[in-house]
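Worksheet: one structure, shown below.
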Amino acid sequence: MAKKAPYILVLTHDVDALSLKELPLSGRTFWGFVYRSLVLNFWRFLRHDLGIREYLQSIMYVLLLPLIKLGLARDPWRESLHRMLEIEKQYGVRSTLFFIPIARTPGHTPAGKRAPSNRAAYYELKAYAGLLQQLVGGGWEVGVHGIDAYRDLECAKAELQAFRQLLPENNMVGIRMHWLYHLGEKTWSILEAAGYTYDATFGWNDRIGFPEGQYRPFRPKGISNLVVLPLNVQDGALLGEWHQFLNNEEAWKQVECLLMEAKKLGAVVTVLWHNNSFVAPRFWGWLYERIIQRAQQDGAYICRAIDVVEMFLRGEL
């Protein structure tokens with residue numbers, strides 16, 4: 388099927404947070420939810436990028452935050468993951484989800500300094516062991532969303548081991564670094580030595596495209612076993628107020644141009660959509676669905692990260 392397809396679409400998700408309830412009240416992520424729900428979404432509503440229903444939902448969840456923190460009201464970020472999985476079931480596709488293996492640890496920046504506190508995850512992966520097993524059983528792939536694996540071999544091994552304790556049958560494990568932290572060839576050497584099968588970090592936070600003109604997975608010079616899967620489209624790069632903050636039409640135009648280029652060149656397009664982007668306050672699921680719809684219309688092969696990595700290893704790309 389993949390050989391006849393004009394291009395390949397790889398669906399991936401970084402799981403930075405799994406619920407609002409787990410977030411500390413003092414954290415930037417928690418108060419970012421409030422700001423985006425009340426202030427930013429009002430601006431999106433004014434420029435016709437958000438409907439009145441979604442804006443009112445945002446306000447409602449802010450008002451319900453005390454009850455959400457107490458576990459007495461629905462947690463929208465818990466619902467977002469289920470919404471995401473239902474969308475993929477609806478279209479008959481599966482994806483890769485990268486989970487952070489170590490809680491309450493922001494790690495370090497590429498410069499060696501302590502990373503900002505909001506880089507830390509506040510869910511304990513062990514508490515979601517059942518979810519991981521359900522995902523794998525349902526055809527999804529799960530991988531590591533690394534903290535310091537990119538800079539230290541012992542950390543890389545520890546993060547992989549934390550993951551394998553929950554899914555010991557997973558022999559081929561991929562990784563994407565949180566916030567796309569990377570040190571180039573040094574990182575690839577570390578990840579290869581630690582035992583990862585592929586790295587899906589190679590890309591940008593602030594724009595979309597094909598990094599360094601790489602249209603397919605590749606193996607870096609001097610690396611024997613690790614495969615690099617470039618990242619091409621990230622939700623926050625297009626729609627996040629901390630980057631381009633495009634309106635809906637502009638965001639789709641950028642994606643459409645990239646898919647047309649991929650179709651022309653027979654490329655692999657890897658998409659990253661965060662698991663909490665499908666409900667308040669982001670409501671970015673519409674663009675994720677539209678990407679899948681266009682790819683299916685184009686006859687593209689849609690798959691998980693591990694699927695395209697295995698194609699590369701078999702010499703099929």
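So the sequence shown is numbered by the numbering used here: it starts at 388 and just counts up by one.
Even glycine gets a Cβ: it sits at the ideal position worked out from N, Cα and C.
Discussion item. Please classify residue 593 as buried or exposed, where buried requires at least 16 neighbouring CB atoms within 10 angstroms.
Written reply: Its Cβ having fewer than 16 others within 10 Å, residue 593 is exposed.
Practice prompt. State buried or exposed for residue 458, treating a residue as buried only when at least 16 other CB atoms are found within 10 Å of its CB.
Written response: An exposed status is given to residue 458, since fewer than 16 other beta-carbon atoms sit within 10 Å of its beta-carbon.
Practice prompt. Please look up how many angstroms separate the CB atoms of residue 506 and residue 494, rounded, as I've assumed it's under 8 angstroms.
Written response: For residue 506 against residue 494, the beta-carbon gap comes to about 6 angstroms, under 8 angstroms, which counts as contact.
Fill in: Residue from 572, 669 and 608 whose Cα sits closest to the Cα of residue 432
Ranking the options by Cα distance to residue 432, first place goes to 669.
Worksheet item: If you follow the beta strand (DSSP E) that residue 688 is part of, which residue opens it and which one closes it?
Response: DSSP places residue 688 inside the beta strand (DSSP E), whose first and last residues are 688-690.
Fill in: Assigned exposure category for residue 528 - 16 Cβ within 10 Å defines buried
The residue in question, residue 528, is buried, as its Cβ has 16 or more Cβ neighbours within 10 Å.
Item to complete: Could you spell out where the alpha helix (DSSP H) holding residue 559 opens and where it closes?
Response: Careful: residue 559 lies outside any alpha helix (DSSP H) and carries neither H nor E.
Worksheet item: Counting along the chain, where does the beta strand (DSSP E) carrying residue 593 start and finish?
Response: No residue range can be given for residue 593, since it is assigned to no beta strand (DSSP E) and is classified by DSSP as neither H nor E.
Item to complete: Using a threshold of 8 angstroms, state whether the C-beta atoms of residue 619 and residue 560 are closer than that.
Response: Not in contact: residue 619 and residue 560 (Cβ atoms no closer than 8 angstroms).
Worksheet entry | 8 angstroms Cβ shell around residue 576 - same chain, five flanking residues per side excluded | Cβ within range, chain order: 609 and 610.
Practice prompt. Take residue 466 as the anchor and find which of 502, 423, 407 and 519 has the nearest alpha-carbon.
Written response: For residue 466, the closest alpha carbon among the candidates 502, 423, 407 and 519 is that of 407.
Fill in: Collapsed DSSP secondary structure at residue 541 in the structure displayed
It is helical.
Worksheet item: Are the beta-carbon atoms of residue 565 and residue 530 separated by less than 8 angstroms?
Response: Cβ distance not < 8 angstroms, so residue 565 and residue 530 don't count as in contact.
Worksheet item: Is residue 616 closer than 8 angstroms to residue 585 when the C-beta atoms are compared?
Response: Yes; because the gap between Cβ atoms is below 8 angstroms, this pair is in contact.
Worksheet entry | Where residue 644 falls, given that 16 or more other Cβ within 10 Å makes a residue buried | Within 10 angstroms of the beta-carbon of residue 644 lie fewer than 16 other beta-carbons, which makes it exposed.
Worksheet item: Going by beta carbon distance, what residues of the same chain come within less than 6 angstroms of residue 682, once the five residues before and after it are set aside?
Response: Cβ within range, chain order: 396 and 689.
Fill in: DSSP three-state assignment for residue 417, whether helix, strand or coil
Note: residue 417 maps to helix in three-state DSSP.
Fill in: residue 673 at chain C interface by Cβ criterion, 8 angstroms
You won't find chain C in this structure, because it holds only one protein chain.
Discussion item. Can you give me the C-alpha to C-alpha distance between residue 677 and residue 484, rounded to a whole angstrom?
Written reply: The alpha-carbon of residue 677 is positioned some 20 angstroms away from that of residue 484.
Discussion item. Just verifying my parser: in three-state terms, what is the DSSP assignment at residue 515?
Written reply: Residue 515 sits in a helix when the DSSP states are folded into three classes.
Discussion item. For a test of your reading of the model: does the CB of residue 511 fall under 7 angstroms from any non-hydrogen atom of the ligand SAH? Yes or no.
Written reply: This structure does not include the ligand SAH; it has no bound ligands of any sort.
Discussion item. Using a Cβ-Cβ cutoff of less than 6 angstroms, which residues in the same chain neighbour residue 557 once the five nearest sequence positions on both sides are dropped?
Written reply: Once the five neighbours on either side are set aside, residue 557 has no close Cβ partner at all.
Fill in: Cross-strand partners of residue 532 (DSSP beta bridge)
The partner list for residue 532 (beta bridge, DSSP) reads 563.
Worksheet item: Do residue 404 and residue 510 have their C-beta atoms closer together than 8 angstroms?
Response: Yes, the pair counts as a contact, with Cβ atoms nearer than the cut-off.
Worksheet item: Ends of the beta strand (DSSP E) at residue 657?
Response: Residue 657 -> beta strand (DSSP E) spans 655-659.
Worksheet entry | 8 angstroms Cβ shell around residue 711 - same chain, five flanking residues per side excluded | The requested residue 711 does not occur in the structure, where the chain is confined to residues 388 to 704.
Worksheet item: Using the rule of at least 16 other Cβ atoms within 10 Å of the residue's Cβ for burial, across every protein chain shown, is residue 698 buried or exposed?
Response: Residue environment analysis places residue 698 among the buried positions, since at least 16 neighbouring C-beta atoms fall within 10 angstroms of its C-beta.
Item to complete: Would you be able to state if there are at least three C-beta pairs under 8 angstroms between the stretch 597-604 and the stretch 624-639?
Response: The stretch 624-639 vs the stretch 597-604: no contact.
Discussion item. Just to check my reading of the structure: residue 469 and residue 659 have Cβ atoms closer than 8 angstroms, yes? What is that Cβ distance to the nearest angstrom?
Written reply: Between residue 469 and residue 659, the beta carbon gap of about 19 angstroms keeps them out of contact (Cβ cut-off 8 angstroms).
Worksheet item: In chain order, what residues of the same chain lie with their CB nearer than 6 angstroms to the CB of residue 487, ignoring the 5 residues before and after it?
Response: Closer than 6 angstroms at the Cβ level, and outside the excluded window around residue 487, lie 508 and 532.
Practice prompt. Name the one or two DSSP bridge partners that residue 577 has.
Written response: Looking at the DSSP output, residue 577 shares a beta bridge with no other residue.
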